[in-house]
Amino acid sequence: PEYGLPYFNSFSVVLNALDNRTARNHVNRMCLAADTPLIESGTAGYDGQVEVIRKGTSQCYECMPKPPQKTFPGCTIRNTPSEPIHCIVWSKHLFNQLFGEEDPDQDVSPDTADPEASGDKAGESALNSESNDKGNVDRVSTRLWAQSCGYNPEKLFTKLFHDDIKYLLSMDNLWKKRRPPTPLDWKSLPDVVAGCSKDTDATGLKEQQKWSIAKCAEIFANALQNLKRRLEDRRERQISNFLYWDKDNKDAMDFVAACSNIRAYIFGIPQKSRYDIKSMAGNIIPAIATTNAIIAGVVVLHAFRVLTKNFEDCKSVYLRPRPNHKNELLVPEKVINPPNPKCYVCAPTPTAIVAVDTNKMTISQLNALVFKGRFNMLEPDVILDSRGVVLVSSEEGETDEIDDRILADVEVRDGAILKVDDFRQSYSLTVHIAHREKPSDDDKPDEPDFLVVADENDLKPKEEKEEDNDEAKPSTSNGQVNDVIDDDDCVEIDVEPVSVVDEVAAKKRKTDDVSKDVPTPKKRKTEEKNAAAADDDDDDEEDDDCCIVDSVEAVAKKSPQKRRVRQSTDDECQIVFDDGDDASPAKKANSAN
Numbered sequence: 001p002e003y004g005l006p007y008f009n010s011f012s013v014v015l016n017a018l019d020n021r022t023a024r025n026h027v028n029r030m031c032l033a034a035d036t037p038l039i040e041s042g043t044a045g046y047d048g049q050v051e052v053i054r055k056g057t058s059q060c061y062e063c064m065p066k067p068p069q070k071t072f073p074g075c076t077i078r079n080t081p082s083e084p085i086h087c088i089v090w091s092k093h094l095f096n097q098l099f100g101e102e103d104p105d106q107d108v109s110p111d112t113a114d115p116e117a118s119g120d121k122a123g124e125s126a127l128n129s130e131s132n133d134k135g136n137v138d139r140v141s142t143r144l145w146a147q148s149c150g151y152n153p154e155k156l157f158t159k160l161f162h163d164d165i166k167y168l169l170s171m172d173n174l175w176k177k178r179r180p181p182t183p184l185d186w187k188s189l190p191d192v193v194a195g196c197s198k199d200t201d202a203t204g205l206k207e208q209q210k211w212s213i214a215k216c217a218e219i220f221a222n223a224l225q226n227l228k229r230r231l232e233d234r235r236e237r238q239i240s241n242f243l244y245w246d247k248d249n250k251d252a253m254d255f256v257a258a259c260s261n262i263r264a265y266i267f268g269i270p271q272k273s274r275y276d277i278k279s280m281a282g283n284i285i286p287a288i289a290t291t292n293a294i295i296a297g298v299v300v301l302h303a304f305r306v307l308t309k310n311f312e313d314c315k316s317v318y319l320r321p322r323p324n325h326k327n328e329l330l331v332p333e334k335v336i337n338p339p340n341p342k343c344y345v346c347a348p349t350p351t352a353i354v355a356v357d358t359n360k361m362t363i364s365q366l367n368a369l370v371f372k373g374r375f376n377m378l379e380p381d382v383i384l385d386s387r388g389v390v391l392v393s394s395e396e397g398e399t400d401e402i403d404d405r406i407l408a409d410v411e412v413r414d415g416a417i418l419k420v421d422d423f424r425q426s427y428s429l430t431v432h433i434a435h436r437e438k439p440s441d442d443d444k445p446d447e448p449d450f451l452v453v454a455d456e457n458d459l460k461p462k463e464e465k466e467e468d469n470d471e472a473k474p475s476t477s478n479g480q481v482n483d484v485i486d487d488d489d490c491v492e493i494d495v496e497p498v499s500v501v502d503e504v505a506a507k508k509r510k511t512d513d514v515s516k517d518v519p520t521p522k523k524r525k526t527e528e529k530n531a532a533a534a535d536d537d538d539d540d541e542e543d544d545d546c547c548i549v550d551s552v553e554a555v556a557k558k559s560p561q562k563r564r565v566r567q568s569t570d571d572e573c574q575i576v577f578d579d580g581d582d583a584s585p586a587k588k589a590n591s592a593n
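Residue numbering for the sequence shown follows UniProt numbering, starting at 1 and increasing by one per position.
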């Protein structure tokens, strides 16, 4: 709550130098909501960039799609890891299962649905026996099991690195072509690092040393207890019911590093130092001091420009590892890139501030009183912007289990941003939540449950454009009406000294009646030059489907692989005749002449 919208509103400019996409997305959205200029920067080795994000003027961080982050199959992470990164991802999932927000897709127990293990009778019998005996490898929530044993380090270690591994060994099909894992016993852990002696391991910086398995188990136990105390403290202070993994938090990083190395040892995978694991877990590219210094200098220069309102000179700047053709290492953009009109984050959307008591109001009350009652929505879909959690769904029954939960329990607190859409009314709205203590009914019985601050004109659905179902409207350019060909095929045009007249009447939209009453100059010229052809095809209906073009002489031919229309710079409409179509009446008339 202390870092909500009012916090970002208190700054004249925000300088960003974060190291992960999730954090950048959050700061980007908060600065847009607060209408505070943001200077976004980053480096990757010898590369770097600086860009100024200003609402309504320049692109935001999410205007352009980012390359997708690499993901790994769940069965590989849970059953058959083969690389250090697999063990690191598993350890981060384990952190979330024990302390973070639980996600079914981040389960760490053996995957019984692994297709590679299908038909494995040993695995099936083990599953049946465990489901009956309710042993350690029970198919219950990992957190519930950990809470039931008080986060006991020995019991957790035995479950994760002994019992679960023995269960994996019972799935014989997985180990026909792989090295089988080795279960570990808490009371007899090796005190050496695989592949090197103690003397070799003791050299180097502390964070770059590799730990023995016994050392990993000790660090695992200490980190586990420290994280448990942190979680209990946050619950007592009613801050949150879970922790967030942060590579810069010592206990969280120690926990992931220790678990990663223990699991790597079990599967015969090379172990890594804490330093290496931190880089891999945080998706970090090692920094270069000179690159960071140059980018930091550019950030400060842009900050001066923002503070002096000189936004015209706040163009994006890129640092390249090698000079370009102009012998420049720092390459600025020529213009400020405008916002993407289709960006889900910064596209113009009506905004409202809703003040509610987040410690008393439930999700169902917020939906009934505010979204349906005050905003007159029919079937709203509500998403908590910072986490992507669906709070209200137009799909019946999808969010019934959280309808009665208090807003604060689902992280809807002061400063939270909700994205609201009502597709039945083409109605989109961004709602900023402000916490407001509601007085008791005895003190102020007439006090409303909520307050709304917004422009009344914004709280209305968009008027849907009237469309004729029988006829589709053509696209226009510079006031002229053009024919539109609704054809999935593309055609390549090669310039040859042959005049072409084509018609694709069955596959295009009809032209608006305006084109009949006010013909374009080019069409009049065409009609005069081809009067003879028009006489042969004289009927009551005016044929506006054909267009003979003198300025472009071309013949259409199919390309065996790719067919595309090359657009002309002028506004004339060209209809290209495909070899596979029937000849138009006008073309037949010309050929007869």
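Cβ coordinates follow ideal geometry from the N, Cα and C atoms, glycine included.
The structure presented is a predicted model; accordingly, all values stated were derived computationally and were not measured.
Residue ranges of uninterrupted beta strand (DSSP E) with 3 or more members, entirely inside the segment 2-65 and ordered along the chain, are 14-16, 38-44, 47-53. Contact between the segment 417-434 and the segment 374-386 is present, with at least three C-beta pairs closer than 8 Å. In the DSSP assignment, phenylalanine 450 forms a beta bridge with Val356. Here the segment 402-410 lies against the segment 356-372, with 3 or more beta-carbon pairs under 8 Å apart.
At the C-beta level, cysteine 314 and glutamate 62 stay beyond 8 Å of one another.
Note that the C-beta distance between histidine 302 and valine 52 is below 8 Å. Rounded to the nearest angstrom, the Cβ distance from arginine 436 to alanine 347 is 29 Å, too far for a contact under 8 Å. Note: lysine 419 is bridge-paired with Ile383, Thr430 in the DSSP secondary-structure output. The continuous stretches of alpha helix (DSSP H) do not include valine 389, which lies in the beta strand (DSSP E) extending over residues 389-392. Put simply, the backbone Cα of leucine 32 is about 6 Å away from that of lysine 55. Aspartate 248 is positioned such that its CB atom lies no closer than 8 Å to that of alanine 223. The three-state secondary structure of isoleucine 336, taken from DSSP, is coil. If you check the CB distance, arginine 78 and proline 110 come in under 8 Å.
Bounds of the alpha helix (DSSP H) holding tyrosine 265 are 250-266. Looking at the backbone, the Cα of leucine 319 and that of phenylalanine 267 are separated by about 42 Å.
Partner residues in the beta bridge of valine 317, as assigned by DSSP, are Val50, Pro332. Assigned with DSSP and collapsed to three states, threonine 351 falls in strand. Judged by their CB atoms, valine 256 and serine 82 are not nearer to each other than the 8 Å cut-off. Aspartate 276: member of the alpha helix (DSSP H) spanning 274-281, first to last residue. The C-beta distance from aspartate 400 to glycine 4 rounds to 29 Å, too long to meet the 8 Å contact threshold.
Residue range 142-148 is occupied by the alpha helix (DSSP H) that includes alanine 146.
The beta carbons of proline 153 and phenylalanine 220 sit closer together than 8 Å.
Here the segment 158-168 does not lie against the segment 228-242, with fewer than 3 beta-carbon pairs under 8 Å apart. Between leucine 184 and the set Gln209, Asn28, Ala214, the nearest pair of CA atoms involves Ala214. For tryptophan 90, the uninterrupted alpha helix (DSSP H) run begins and ends at 84-98, by DSSP. The Cβ neighbour count for serine 10, taken over all protein chains shown within 10 Å, is under 16; the residue is labelled exposed. Sequence-distant Cβ neighbours of methionine 30 in its own chain, meaning closer than 6 Å and more than five residues away, are Phe8.
Only exposed fits leucine 329, as fewer than 16 other CB atoms lie within 10 angstroms of its CB. In the assembly as shown, lysine 326 is an exposed residue. Its beta-carbon has fewer than 16 other beta-carbons within 10 Å. Distance between lysine 372 and isoleucine 353, taken at the CA atoms: about 16 Å. Residue nearest to alanine 368 within the set Val299, Phe242, Asp449 is Asp449 (criterion: CA-CA distance). For the pair isoleucine 336 and asparagine 20, the Cα-to-Cα distance works out to about 25 Å.
For asparagine 226, the uninterrupted alpha helix (DSSP H) run begins and ends at 213-236, by DSSP.
In the three-state DSSP reduction, isoleucine 406 falls in the strand class (E or B).
Apart from the 5 residues on each side of it in sequence, valine 27 sits with its Cβ closer than 6 Å to the Cβ of Asn16 in its chain, given in chain order. Residue nearest to histidine 86 within the set Asn340, Asn292, Ala281 is Ala281 (criterion: CA-CA distance).
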